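Engineer: Letter by letter, the first sequence follows residues 3 to 939 in our numbering.
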Amino acid sequence: MSQTTFGKGHHLHLIDGSGFIFRAYHALPPLTRKSDGLPVGAISGFCNMLFKMVEDQKGSDAPTHLAVVFDHKGKTFRSDIYPEYKAHRPPAPEDLAPQFPITRDATRAFNLACIEAEGFEADDIIATLADQARTAGARVTIVSSDKDLMQMVGGGVEMYDAMKNRRIGVEQVEEKFGVGPDRVIDVQSLAGDSVDNIPGAPGIGIKTAALLINEYGDLDTLLERAGEIKQPKRRETLIEKADQIRISRELVTLKLDTPIDLSFDDMAVNAPDPDVLLPFLAEMEFRTMSARIAAKLGVDAPAIAEPVSDTGPSGTATPAAQLPIDPEKYETVRDVDRLNAWVQKIYDRGYVAVDTETTGLNEMIVDLVGICLSVEPGEACYIPLIHKEGEGDLFGGSNLAPNQIPLDQALDILRPVLQDESILKIGQNMKYDAKIFKRNGIDIAPIDDTMLLSYALHGGLHNHGMDALAERYLDHKPISIKSILGTGKSAITFDLVPIDEATKYAAEDADITLRLWQMFKPQLHAAKVTKVYETLERPLIPVLAKMEMNGIKVDRDHLSRMSNSFAQSMAGLESEIHELAGRSFNVGSPKQLGEILFDELGLEGGKKGKTGAYSTGVDILEDLAAEGHDLPARVLDWRQMSKLKSTYTDALQTHINPDTGRVHTSYVISGASTGRLASTDPNLQNIPIRSEAGRKIREAFVAEEGNVLLALDYSQIELRILAHIAKIDNLKQAFLDGHDIHAMTASEMFHVPIEGMDPMIRRQAKAINFGVIYGISGFGLARNLRIPRKEAQAFIDTYFERFPGIRKYMDDTVAFAKEHGHVETLFGRKIHTAEINAKGPHAGFAKRAAINAPIQGTAADVIRRAMIQMPDAIKNFPAKMLLQVHDELLFEVPKDAVEETTETVRKVMENAASPVVKLDVPLTVDAGVGNNWAEAH
DNA sequence: TGTTTCACG
DNA sequence: GACGTACGTGAAACAC
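This is the structure we're talking about:
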């Protein structure tokens with residue numbers, strides 16, 4: 003490619019290299035070079051991003067020119083203007099600093115231009131180049147998410163946020179700043195920036211700034227005419243702080259004349275030179291990346307010394323993801339001979355990745371369509387079993403496609419190996435496949451689950467679905483199921499997919515699963531989460547599978563009667579509401595309701611929310627109702643009925659399985675970052691109980707004839723765990739003595755006797771106790787108790803005085819999170835806290851989550867342990883475990899076995915923490931029995 | 001598809 | 001006095 007003159011027709015990419023590095027550092031788990039322990043996580047992420055940029059941009063939109071721009075170390079000219087500029091920035095983390103210079107080497111190794119300039123920030127260089135390129139008539143894409151660069155957008159310059167995969171044009175800038183790119187500087191000068199320590203005008207944020215600029219045209223005019231502003235506070239601020247605002251403008255204005263010693267021709271895109279790039283990657287010991295990039299460049303991967311570590315049970319596994327993923331290479335197994343050959347491969351290897359394909363997502367209903375296997379990366383097969391083809395007959399049935407092994411015959415061949423104790427079966431979300439196999443007469447065991455491996459390793463960092471894992475850890479985007487099945491009404495089921503196409507999709511899943519397993523399994527030990535995975539995750543799979551298949555009986559008629567009654571009440575309320583409003587409208591629309599309440603009826607309690615819509619949540623409506631307004635009170639009643647009807651009485655009926663007559667939920671083991679389970683389709687963990695009307699819904703959950711429902715729940719488990727973890731002696735003692743913990747708290751705080759205590763006082767103490775678990779704040783407590791914020795803060799201060807251990811626990815936990823990037827439960831479960839070092843409003847959020855996680859997570863671990871022991875503990879009883887609701891287990895038991903079951907289950911639950919953790923407080927369990935779930939509570 | 005509201009622990 | 005805050009979930013309806 004010959005470059006003569008840079009300009010029209012060219013496309014320049016300017017990459018914010020420093021931004022890339024920080025994002026890579028914070029987004030990825032720490033990684034060190036095996037040979038000498040050099041931290042290389044950020045470098046690895048940086049290289050991956052560079053490579054991705056180069057690879058992704060090969061289309062017509064490809065850059066013709068590209069430069070990676072870095073911040074130069076040391077002070078910039080902005081510090082001379084304003085010494086406080088970025089003065090509060092902490093130094094880079096210790097394990098990041100040594101990686102900075104190497105990222106420059108990496109850039110050059112990829113054959114990309116690398117620019118930095120002393121005394122200037124990367125943003126200035128980017129701005130200067132973008133401006134010059136724009137003038138020359140070229141297109142420019144700035145790869146960065148830094149809002150300071152938004153002033154450059156327009157006239158052929160766009161930004162691209164690589165993390166969010168989002169282009170930022172003039173429209174997006176207007177969204178963010180409320181003004182066009184040409185006025186961004188003005189708005190920033192007024193709003194300032196706490197992160198960079200740009201003062202701006204105190205009391206004025208982006209919203210107000212945009213308002214002012216839009217009204218007066220530009221900053222100079224605004225400052226000139228500041229005296230005309232109506233609001234006294236604003237007027238004074240703008241007059242008094244005019245100099246400060248002008249300094250802020252200097253700080254936020256990017257330089258368009260930064261000295262740059264490269265020409266555009268130096269930035270022309272050229273392919274990397276394998277002889278330069280691969281030795282660099284080898285030096286970094288990036289094994290997987292070297293292999294992948296070598297493959298892309300069409301050369302052999304360099305040899306890198308194998309680290310001394312076990313890669314799996316056989317110890318001879320191919321390193322994960324070394325081969326490119328090529329769906330064309332997978333085999334379709336169509337006859338018994340080939341299937342037997344695969345079984346032999348499995349025995350030779352000792353483990354196999356397995357994936358089932360079905361006609362849908364509901365494991366209790368769907369049919370098994372096919373099975374995929376993989377024993378080695380890149381080598382996988384699909385065994386189609388009941389694929390259909392042709393037009394089908396008049397009854398909607400279709401003909402079985404030819405050349406498929408009959409279902410039963412295939413299962414008979416696979417059964418021995420799938421049940422073989424010496425063969426490990428690996429799956430992604432194995433609970434699903436285990437249930438499918440169980441319904442087809444196969445008890446698959448032993449098993450490993452890549453979803454749960456990832457959960458144990460990376461809990462809190464990201465979700466653990468296969469697509470996310472493949473993209474993040476294998477840098478591969480799997481074929482989407484939507485592209486195979488279509489969407490919406492025209493979607494088909496998997497048995498209707500042509501077998502050739504099905505093979506590519508399905509076998510790829512098994513291939514990916516195997517690669518993920520080869521990557522994750524050896525990491526458990528180093529991450530110190532082997533125990534977590536082996537005792538809290540993996541053994542839960544069969545327990546939950548059994549519970550879910552048990553299901554719970556639901557009385558359809560009861561629900562149906564309630565639906566009718568709710569419908570009637572709602573109709574009555576609706577006409578009342580319309581009359582009060584003076585016109586008819588959709589009561590279910592928060593937007594319309596807000597307009598009626600605040601615009602048409604003129605009630606107080608204005609706007610909020612980022613969309614600008616009125617907020618009409620319970621809090622607001624209750625306040626209005628308390629002031630004596632009828633309409634909001636009626637709406638609250640209507641809302642409650644609408645919720646109960648749509649979410650429960652109506653929806654639950656549709657979840658009754660026609661074969662079993664019962665409702666089967668599905669628990670997501672890796673759903674909650676803390677270790678809690680999540681229940682879906684339907685969610686049986688949020689069945690109403692707090693309100694009288696809602697409670698009736700629990701009556702529909704019933705026991706089979708001759709049986710009763712038995713509910714056992716931990717009493718105050720989170721507060722007990724808090725007392726233990728934070729070492730609060732008087733709290734511990736109260737639990738040991740069996741005292742009313744909220745009354746005792748109130749007594750300690752307000753010096754009132756427990757006997758004859760005012761219920762209001764106890765209520766407040768209770769709110770504080772719960773608040774502590776959630777990472778208390780004056781604001782939150784004030785809102786919860788509906789008291790002034792000052793009072794709430796005073797309560798909290800008193801609380802911390804009386805229980806100083808709590809303060810220490812909170813501070814220590816946040817400090818631990820900041821240092822390690824995660825917090826831990828008493829059982830060693832790690833909950834990563836990626837945002838903990840974030841700035842701005844994010845920070846408070848992350849802190850509270852970090853404070854809460856060890857408490858909520860330890861409680862979750864305890865009940866997991868109880869559940870895992872349960873099948874063995876009750877194996878001689880005719881009892882069935884049906885549901886888990888965070889601190890409660892629900893059983894279905896024949897009437898005559900209730901007492902012995904209760905005592906056995908109670909014992910297991912109360913002792914579930916030991917012997918691993920010896921709690922200083924006893925765990926106690928309350929039990930209830932009844933013909934339905936409401937009675938059992 | 002994202003937002004709002006509300007059900008639970 | 002800038003911003004927005006109790007922690008963890010899932011589902012349904014509305015609005016775009």
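All C-beta atoms, glycine included, are put in the ideal place defined by N, C-alpha and C. It should be emphasised that the depicted structure is a prediction, and the values quoted were computed from it without experimental measurement.
If you draw a straight line from the alpha carbon of Gly314 to that of Met521, how long is it in whole angstroms?
Structural biologist: What you label residue 314 is simply residue 312 of the first sequence in a count that begins at 1. What you label residue 521 is simply residue 519 of the first sequence in a count that begins at 1. Confidence at Gly314 is low in this model, with a pLDDT of 37, below 50, so its placement is unreliable and the value that follows should be read with caution. Cα-Cα distance, rounded: 9 Å.
Engineer: Quick one: grab the DSSP three-state call for Phe122.
Structural biologist: Here residue 122 is taken as the residue at index 120 of the first sequence, counted from 1. Residue state, collapsed to three classes: coil.
Engineer: Rounded to whole angstroms, how far is the Cβ of Gly859 from the Cβ of Ile833, which I believe are closer than 8 Å?
Structural biologist: For the purposes of this step, residue 859 is identified with residue 857 of the first sequence, where counting begins at 1. For the purposes of this step, residue 833 is identified with residue 831 of the first sequence, where counting begins at 1. Yes, Gly859 and Ile833 are in contact; Cβ-Cβ is about 6 Å, under 8 Å.
Engineer: Determine whether the beta carbon atoms of Ala512 and Ala355 lie at a separation below 8 Å.
Structural biologist: Taking the first sequence and counting its residues from 1, one reaches residue 512 at position 510. Taking the first sequence and counting its residues from 1, one reaches residue 355 at position 353. Going by C-beta atoms, Ala512 is nearer than 8 Å to Ala355.
Engineer: Can you confirm whether the region 194 to 203 touches the region 240 to 255 when touching is taken to mean that 3 or more C-beta pairs between the two stretches lie within less than 8 Å?
Structural biologist: Yes, the region 240 to 255 touches the region 194 to 203.
Engineer: State the DSSP-derived secondary structure class of Ile415, mapped to helix, strand or coil.
Structural biologist: Residue numbering aside, residue 415 sits at position 413 when the first sequence is read from its first letter. DSSP places Ile415 in helix when its eight states are reduced to three.
Engineer: CA-CA distance, Gly182 and Leu892?
Structural biologist: Translated into the one-based positions of the first sequence, residue 182 becomes position 180. Translated into the one-based positions of the first sequence, residue 892 becomes position 890. Roughly 59 Å between the two C-alpha positions.
Engineer: Tell me the DSSP secondary structure of Asp731 in three-state form.
Structural biologist: On the first sequence, residue 731 is found 729 positions in, with the first residue counted as 1. Three-state result, Asp731: helix.
Engineer: Can you tell me whether Leu363 is buried or exposed, with buried defined as 16 or more other CB within 10 angstroms of its CB?
Structural biologist: Within the first sequence, the letter at position 361 stands for residue 363. Burial call: exposed.
Engineer: Using three-state DSSP, classify His560 as helix, strand or coil.
Structural biologist: Your numbering for residue 560 matches position 558 in the first sequence. Three-state DSSP puts His560 in a helix.
Engineer: Put Thr358 into one of helix, strand or coil per three-state DSSP.
Structural biologist: Taking the first sequence and counting its residues from 1, one reaches residue 358 at position 356. It is a strand residue.
Engineer: Compare the Cα-Cα distances from Ala702 to each of Val142, Met154, Met564 and Thr452 and report the closest residue.
Structural biologist: Position 700 of the first sequence, counted from the first residue, corresponds to residue 702. That would be Met564, whose Cα lies nearest to the Cα of Ala702.
Engineer: As a quick exercise: from Glu359, Pro281 and Ile415, pick the residue whose alpha carbon is nearest that of Leu341.
Structural biologist: One-based indexing of the first sequence puts residue 341 at position 339. Nearest C-alpha to Leu341: Ile415.
Engineer: Using CA atoms only, rank isn't needed, just tell me which of Gly596, Glu287, Lys593 and Leu679 is closest to Gly461.
Structural biologist: Counted from its first residue, the first sequence places residue 461 at position 459. Minimum Cα distance to Gly461 is reached at Leu679.
Engineer: Could you tell me if Ala745 is buried or exposed, where buried requires 16 or more neighbouring beta carbons within 10 angstroms of its beta carbon?
Structural biologist: Numbered from 1 along the first sequence, position 743 holds the residue referred to as residue 745. By the neighbour-count rule (16 or more Cβ atoms within 10 Å), Ala745 is buried.
Engineer: Based on the DSSP output, what are the partners of Pro93 in its beta bridges?
Structural biologist: The residue you call residue 93 lines up with position 91 of the first sequence. Pro93 is not bridged to any residue.
Engineer: Contact defined as beta carbons within less than 8 Å: I believe Ala881 pairs with Ala868. What is the distance between those atoms, to the nearest angstrom?
Structural biologist: Reading the first sequence from its first residue, position 879 is the one you call residue 881. Reading the first sequence from its first residue, position 866 is the one you call residue 868. No, Ala881 and Ala868 are not in contact; Cβ-Cβ is about 14 Å, not under 8 Å.
Engineer: Once the 5 residues before and after Asn552 are set aside, which same chain residues still bring their CB inside 6 Å of it?
Structural biologist: By 1-based counting over the first sequence, the position of residue 552 is 550. So the list reads Lys882 and Leu884, once near-sequence residues are dropped.
Engineer: Which residues mark the beginning and the end of the beta strand (DSSP E) in which Asn709 is found?
Structural biologist: In the first sequence, counting from the first residue as 1, residue 709 sits at position 707. Element bounds for Asn709: Asn709 to Tyr716.
Engineer: Can you check whether the CB of Ala748 is closer than 8 Å to the CB of Ile808?
Structural biologist: Counting from 1 along the first sequence, the entry for residue 808 is found at position 806. Counting from 1 along the first sequence, the entry for residue 748 is found at position 746. For Ile808 and Ala748, no; Cβs fall outside 8 Å.
Engineer: Would you tell me roughly how many angstroms separate the C-alpha atoms of Asp38 and Phe772, rounded to the nearest one?
Structural biologist: If you number the first sequence from 1, residue 38 lands on position 36. If you number the first sequence from 1, residue 772 lands on position 770. Near 47 Å, if we compare the C-alpha coordinates of Phe772 and Asp38.
Engineer: Excluding the 5 residues preceding and the 5 following Phe752 in the sequence, name in chain order all residues of the same chain whose CB lies nearer than 7 Å to its CB.
Structural biologist: Here residue 752 is taken as the residue at index 750 of the first sequence, counted from 1. These residues qualify, in order along the chain: Ile763.
Engineer: Quick check on this structure: which residue in Leu52, Asp198, Asp435 and His74 has the alpha carbon closest to the alpha carbon of Ala841?
Structural biologist: Position 839 of the first sequence holds residue 841. One detail in the question is off: residue 841 reads as Lys in this sequence, not Ala. Of the listed residues, the one whose Cα sits closest to Lys841 is Asp198.
Engineer: Once the 5 residues before and after Ile671 are set aside, which same chain residues still bring their CB inside 8 Å of it?
Structural biologist: Counting from 1 along the first sequence, the entry for residue 671 is found at position 669. Within the same chain, Ile671 has close Cβ partners Lys433, Met453, Leu454, Tyr457, Glu539, Leu542, Ile543, Leu546 and Leu679.
Engineer: Roughly how many angstroms separate the alpha carbons of Ile407 and Pro684, rounded to a whole number?
Structural biologist: By one-based count along the first sequence, residue 407 stands at place 405. By one-based count along the first sequence, residue 684 stands at place 682. So the alpha carbons of these two residues sit roughly 35 Å apart.
Engineer: Going by CA-CA distance only, name the one from Ser681, Glu576, Gly673 and Val704 that's closest to Arg641.
Structural biologist: Residue numbering aside, residue 641 sits at position 639 when the first sequence is read from its first letter. The shortest C-alpha separation from Arg641 is found at Glu576.
Engineer: If you drop the 5 nearest sequence neighbours on each side, which residues of the same chain put their C-beta closer than 6 Å to that of Ala164?
Structural biologist: In the first sequence, counting from the first residue as 1, residue 164 sits at position 162. Val145, listed in sequence order.
Engineer: What number of angstroms, rounded off, separates the C-alpha of Thr903 from the C-alpha of Tyr716?
Structural biologist: Start at 1 with the first residue of the first sequence, and residue 903 comes out as number 901. Start at 1 with the first residue of the first sequence, and residue 716 comes out as number 714. The alpha-carbon atoms of Thr903 and Tyr716 are separated by roughly 16 Å.
Engineer: For Glu629 and Thr618, I'd like the C-alpha separation in whole angstroms.
Structural biologist: The residue given as residue 629 occupies position 627 in the first sequence. The residue given as residue 618 occupies position 616 in the first sequence. Approximately 15 Å, taken between the alpha carbons.
Engineer: Would you list the residues sitting across from His824 in a DSSP beta bridge?
Structural biologist: One-based indexing of the first sequence puts residue 824 at position 822. Answer is His834, bridged to His824.
Engineer: If we require 4 or more residues per run, which alpha helix (DSSP H) segments fall completely within the region 734 to 807?
Structural biologist: With a minimum length of 4 residues, the continuous alpha helix (DSSP H) runs that stay inside the region 734 to 807 are 743 to 752, 761 to 775, 780 to 787 and 791 to 804.
Engineer: Buried or exposed for Gly372, please, with buried defined as at least 16 other CB atoms from any protein chain shown within 10 angstroms of its CB.
Structural biologist: Within the first sequence, the letter at position 370 stands for residue 372. With 16 or more other Cβ atoms within 10 Å, it is buried.
Engineer: As a quick exercise: from Val907, Val186, Gly171 and Ile208, pick the residue whose alpha carbon is nearest that of Ser196.
Structural biologist: Position 194 of the first sequence, counted from the first residue, corresponds to residue 196. Cα-wise, what sits closest to Ser196 is Ile208.
Engineer: Give me the DSSP bridge partner(s) of Asp450.
Structural biologist: Working through the first sequence from its first residue, we reach residue 450 at position 448. Partner(s): Ile428.
Engineer: Between which residues of its own chain and Gly61 is the CB-CB distance below 6 Å, once the five residues before and five after are set aside?
Structural biologist: Stepping through the first sequence from its first residue, residue 61 is reached at position 59. Correct list: empty, nothing qualifies.
Engineer: Restricting to Cα atoms, I'd like to know which of Val895, Leu921, Lys897 and Thr926 is closest to Val910.
Structural biologist: Along the first sequence, read from residue 1 onward, the residue named residue 910 stands at position 908. Residue Thr926 is the option with its Cα nearest to Val910.
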